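Residue numbers (this note's numbering): 726 to 880.
Even for Gly, the Cβ is constructed at its ideal location relative to N, Cα and C.
A quick note: this is a predicted structure, and the numbers were derived from the prediction, not measured.
This report concerns only the one structure given below.
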Amino acid sequence: MSDTFSPPVRRLTITTLAATMAVLGLAAPARAAANPFTAAQACTNDFGGSWAYASDGHRTIYAGGTKVGDVYLMYNGANGHNCVVTLKAISVGSGSGVAALLQVEGSSWVVQSDNYKYYAAVDRSAVDKCVKYSGEVMYGTQWFTNGRTSWGNCG
């Protein structure tokens, strides 16, 4: 006995196997790894101290309909510093372009930008000053940005 399946059963088995493979092959891609850092953790890691989320201090960065990151403005009440953190939402754990930008009233923009695995962060003293902030994430070959371009969080 050379064949255990008759031709119609063999066709049904092959068709079922092919359909199963197609469904498995077209399944939704695995979710991107979540960033293990919060903005407060990033500021603490890089600059020490205790950080609080500033009012009007969050913007999401999109590339079309894809979320690529979040930018946060943080405040340290003990020393009057502001910290800007851009957390990556894509390529988390792999070095890719990410930037954090902070401008303190009366000063130039300060930028921290490189190929980082999780985030970019920058801080400056802003006692009795207002600030602007921005974050950028590279997606493909383009930079995508968001932030606040008006003065705020004064004090």
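Query: Excluding the five sequence neighbours on either side, which residues of its own chain have a C-beta within less than 7 Å of the C-beta of L749, listed in chain order?; Result: Note that L749 has pLDDT 41, beneath the 50 cutoff, so the model's placement of it is unreliable and no number is given.
Query: Measuring alpha carbon to alpha carbon, tell me which residue in N770, S780, C855 and Y864 is nearest T791.; Result: Y864
Query: From what residue to what residue does the alpha helix (DSSP H) around D771 run?; Result: A764 to F772
Query: Under three-state DSSP, which class holds N840?; Result: strand
Query: DSSP state of A788, grouped into three classes?; Result: strand
Query: Measuring straight from C-alpha to C-alpha, what distance separates A767 and T811?; Result: 9 Å
Query: With DSSP run on the structure shown, which of helix, strand or coil describes G794?; Result: strand
Query: Give me the residue from V862, G774, T874 and A777 with the minimum Cα distance to G820.; Result: V862
Query: With A846 and V793 assumed to form a contact (beta carbons below 8 Å), what rounded beta-carbon distance in angstroms separates them?; Result: With a Cβ gap of about 17 Å, A846 and V793 do not count as contacting.
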